[in-house]
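Here is the structure we will look at, set down as structure tokens.
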Amino acid sequence: MPTNTSRPVRVRFAPSPTGELHVGNIRTALFDWAYARHTGGQFIFRIEDTDTERVTDEYIQAALGTLKWLGLTWDEGPEVGGPYGPYLQSQRLDIYAEWAAKFLAQGDAYYCYCSSEELEARREAQRAANVAPGYDGKCRTVSAEDLTRYTSEGRKPVLRMRMPDGSTTFTDAIRGEVTFDHNFVPDFVLVRGDGSPLYTLAVAVDDIMMKVSHVLRGEDLLSSTPRQIRVYQAMGVTPEEYPVFAHLPFVMGQDNAKLSKRNGEVSIAWYRERGFLPEAICNYLALLGWSPGDDRENVTMQELTELFTVERVHSSPARFDMKKLEAINGDKIRLLDLEDFLARVTPFLVKDGIISGTPDELDLVRMALPLIQERIVTLAEVTAMLKFLFGENFAIETESLPKIADEQSQIVLKRSLQVLEQVGEWSHVAIEAALRLVLIDELALKPRIAFSALRIAVTGSHISPPLFESMELLGRDRSLARLKSAIS
Ligand code: GLU
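Sequential numbering from 0 applies to the sequence shown in the numbering used here.
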């Protein structure tokens, strides 16, 4: 990555939480974090909440919670503080106001009195005349009469930045040299009529004042870069103090459409509720637009920090692939040791009302977990897998009832009951041996057919952990009672 200075690496993640953080935001946060850790720099977390109507405290808290859950710890930011705080833009309004006043005094910015109706009418005319839409510079000069009129009408001006003629060129660490012709970068608003700052002002001021050295962020923000550079110029800082920009490729949805915030499927909360592991999400997102240099699919956080360089970030869009995320999640579940696995599934079982969390219940879950560790892809599946072990009111799921009602299934169940009543030690080995003898050897049934009716009778579902082990865990009395009640 080009470092135009030898100054310390300081990378920031600066979301505007107008909703739950989504896959795209987290991919950015992860790359920011990984770059800071790889270089031994600082990772700064800044909340861009100048849009007070849309950024709520609840979403801010959720954003902090999500980063923590993923293990992306920050060196400076909310809760931990730091030398360049505060790190919530809503607490820095006086700083932006000071800079805005300076830009006005310097002549870099000017008051614009155009009403939204006037602006809309002129945009309409621009569209009709086929010229690039955007502010036409009308208020760059305001006559004394107009000023008097605007004031008497009670108009509240916005503060606009003057874009000089020409163009802005910068080197993006991922896309190379990028040039924006100012014909397409009209004078832009820095401060609203009510005095509140806009994103472009706040982000640029903060990146400079917080000594941010590298801005790794989504490609959707590429076009705001010339405006931010304009603010740096007005601040009077030298190009050596500008951050290096690296715009990350888009994350596309499976159908090639852009992932959107409105789509609940992309919020990280959605994945968390379904039992995706934070390490699986990070592993998967790390590979979304970056590669470790070989074709490995399993990347730990440690490896990510060791290997992460911007040179290995691709410039083409990455496609989100749910199947791949699920496969990685399944792999990470298989890596969990038993106590960790237990700790992670318990909240799901409690939330779903399967257990309340007593030591006896946890002992039973602990015994059952090795049976399902190879079989589940998300933690939430544990409920469907283990609910047969708990609760007084056992019932066979309605859609499976017909599958045990036919004559052959009833024969299977009756014969099974007869032999199981004779089994001495209630172990899965003994259970299996007894059942195979009557069902496979004697009745000459195919195992799939023979055991599916039994599985439904005993676990209530056609999906369960391995049958014989399930019966062992369930115990003799409950297993036999269920068989009896399934024999209609
Ligand atoms: N706050 C901006 C957003 O969430 C990102 C700011 C930046 O990374 O420059 O879209």
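We put the CB at the ideal spot given by N, CA and C, even for glycine.
Just verifying my parser: in three-state terms, what is the DSSP assignment at G217?
Locating residue 217 in the sequence shown gives position 218, counting from the first residue. In the three-state reduction of the DSSP assignment, G217 falls in the strand class, which pools E and B.
According to DSSP, Q41 sits in a beta bridge with which residue or residues?
Taking the sequence shown and counting its residues from 1, one reaches residue 41 at position 42. R9.
Using a Cβ-based criterion (distance less than 6 angstroms to any ligand heavy atom), does R216 qualify as near ligand 3?
This structure does not include ligand 3; its bound ligands are ligand 1.
Quick check for students: name the residue ranges of the beta strand (DSSP E) that lie wholly in the stretch 68-155, counting only runs of 3 or more.
Here the runs fully enclosed are 108-111.
Secondary structure at A394, three-state DSSP: helix, strand or coil?
Within the sequence shown, the letter at position 395 stands for residue 394. Secondary structure of A394 (DSSP, three-state): coil.
Between S222 and ligand 1, is the CB less than 6 angstroms from at least one heavy atom?
Numbered from 1 along the sequence shown, position 223 holds the residue referred to as residue 222. Flag unset: Cβ of S222 not near ligand 1.
I'd like to know if the stretch 201-220 and the stretch 229-244 are in contact, where contact means that at least 3 CB-CB pairs between them fall below 8 angstroms.
Segments in contact, yes.
For H461, name the three-state secondary structure that DSSP assigns.
Within the sequence shown, residue 461 is the residue found at index 462, counting from 1. H461 falls in the coil class under three-state DSSP.
Opposite A172 in the DSSP bridges: which residues?
Working through the sequence shown from its first residue, we reach residue 172 at position 173. Partner(s): none; A172 has no beta bridge.
By the three-class DSSP mapping on this structure, what secondary structure does M251 have?
Position 252 of the sequence shown holds residue 251. In the structure shown, M251 sits in a strand (DSSP, three-state: E or B).
Going by the CB atoms, is the gap between D48 and S502 shorter than 7 angstroms?
Since the first and last residues shown for the chain are 0 and 487, residue 502 lies out of range.
In the DSSP output, what is S166 paired with across the bridge?
Start at 1 with the first residue of the sequence shown, and residue 166 comes out as number 167. Bridge partners of S166: D180.
Select from T237, F249, V184, N182 the residue whose C-alpha is nearest the C-alpha of L215.
By one-based count along the sequence shown, residue 215 stands at place 216. Cα-wise, what sits closest to L215 is F249.
Spatial neighbours of Y83 within its chain, please: CB distance less than 6 angstroms, with the 5 preceding and 5 following residues excluded, ordered by chain position.
Here residue 83 is taken as the residue at index 84 of the sequence shown, counted from 1. Closer than 6 angstroms at Cβ, skipping near neighbours: M209.
Can you list, in chain order, the residues of its chain whose CB lies under 8 angstroms from that of Q227, leaving out five sequence neighbours each side?
Translated into the one-based positions of the sequence shown, residue 227 becomes position 228. Closer than 8 angstroms at Cβ, skipping near neighbours: T199, V202, A203, D206.
In chain order, each alpha helix (DSSP H) run of at least 4 residues that lies wholly inside the stretch 311-387
Fully enclosed alpha helix (DSSP H) runs of 4 or longer: 321-334, 337-350, 358-371, 381-385.
Contact belief for I25 with E75 at Cβ below 8 angstroms, rounded distance in angstroms:
Here the question's residue 25 lines up with position 26 in the sequence shown. Here the question's residue 75 lines up with position 76 in the sequence shown. In this structure I25 is not in contact with E75, their Cβ atoms being roughly 19 angstroms apart against a cut-off of 8 angstroms.
Is A404 helix, strand or coil when you go by DSSP?
Working through the sequence shown from its first residue, we reach residue 404 at position 405. DSSP places A404 in the coil class of the three-state scheme, outside both helix and strand.
Less than 7 angstroms between the beta carbons of A449 and A485, yes or no?
The count along the sequence shown starts at 1 and reaches residue 449 at position 450. The count along the sequence shown starts at 1 and reaches residue 485 at position 486. Cβ atoms of A449 and A485: not closer than 7 angstroms.
Residue burial classification, W289 (beta-carbon count within 10 angstroms, cutoff 16):
Counting from one through the sequence shown, the residue named residue 289 turns up at place 290. With 16 or more other Cβ atoms within 10 Å, it is buried.
Inter-stretch contact (C-beta, 8 angstroms, three-pair minimum) for the stretch 63-77 and the stretch 169-177:
The stretch 63-77, when compared against the stretch 169-177, does not touch it at the 8 angstroms Cβ threshold.
So for A245, helix, strand or coil by DSSP?
In the sequence shown, the residue the question calls residue 245 occupies position 246. Residue state, collapsed to three classes: strand.
Does the Cβ-Cβ distance between L286 and A33 come in under 7 angstroms?
Against the sequence shown, residue 286 aligns to sequence position 287. Against the sequence shown, residue 33 aligns to sequence position 34. For L286 and A33, no; Cβs fall outside 7 angstroms.
Under the three-state reduction of DSSP, which class applies to S222: helix, strand or coil?
Start at 1 with the first residue of the sequence shown, and residue 222 comes out as number 223. Here S222 sits in helix by DSSP.
Between which two residues does the alpha helix (DSSP H) harbouring R477 extend?
If you number the sequence shown from 1, residue 477 lands on position 478. Unbroken alpha helix (DSSP H) run through R477: 475-485.
Decide if H294 is buried, meaning its Cβ has at least 16 other Cβ atoms within 10 Å, or exposed.
Counting from one through the sequence shown, the residue named residue 294 turns up at place 295. Sequence inspection shows Asp at residue 294; the His mentioned does not correspond to that position. It counts as exposed.
For the structure I just gave you, are there three or more beta carbon pairs, one from the stretch 362-369 and one from the stretch 333-342, closer than 8 angstroms?
Yes, since at least three Cβ pairs between the stretch 362-369 and the stretch 333-342 fall closer than 8 angstroms, the two stretches touch.
How close, in whole Å, do the beta carbons of G102 and M162 come, if the pair is a contact with beta carbons under 8 angstroms?
As a working mapping, residue 102 is identified with position 103 in the sequence shown. As a working mapping, residue 162 is identified with position 163 in the sequence shown. Note that residue 102 is Phe in the sequence shown, not Gly. Contact between F102 and M162 fails: their C-beta atoms lie close to 13 angstroms from each other, not under 8 angstroms.
Rounded to a whole number of angstroms, what is the C-alpha to C-alpha distance between T38 and S314?
Residue mapping note: residue 38 aligns to position 39 of the sequence shown, counting from 1. Residue mapping note: residue 314 aligns to position 315 of the sequence shown, counting from 1. Distance between the alpha carbons of T38 and S314: 21 angstroms.
Quick check: what's the CA-CA separation for R148 versus E116?
Against the sequence shown, residue 148 aligns to sequence position 149. Against the sequence shown, residue 116 aligns to sequence position 117. Distance between the alpha carbons of R148 and E116: 17 angstroms.
Quick check on the burial criterion: 16 or more other C-beta atoms within 10 angstroms. Buried or exposed for Q41?
What you label residue 41 is simply residue 42 of the sequence shown in a count that begins at 1. By the neighbour-count rule (16 or more Cβ atoms within 10 Å), Q41 is buried.
Rounded straight-line distance, which links the Cα of Y109 to that of P156
The sequence position of residue 156 within the sequence shown is 157, counting from 1. The sequence position of residue 109 within the sequence shown is 110, counting from 1. Straight across, the Cα-Cα distance linking P156 with Y109 is about 9 angstroms.
Measuring straight from C-alpha to C-alpha, what distance separates G292 and Y86?
Residue numbering aside, residue 292 sits at position 293 when the sequence shown is read from its first letter. Residue numbering aside, residue 86 sits at position 87 when the sequence shown is read from its first letter. Rounded to the nearest whole angstrom, the C-alpha separation of G292 and Y86 is 35 angstroms.
Three-pair Cβ contact test at 8 angstroms for the stretch 380-391 versus the stretch 463-476:
Put simply, the stretch 380-391 touches the stretch 463-476. At least three CB pairs are less than 8 angstroms apart.
Would you give the residue range spanned by the beta strand (DSSP E) that R159 belongs to?
Here residue 159 corresponds to residue number 160 of the sequence shown, with the count starting at 1. Start and end: 157-160.
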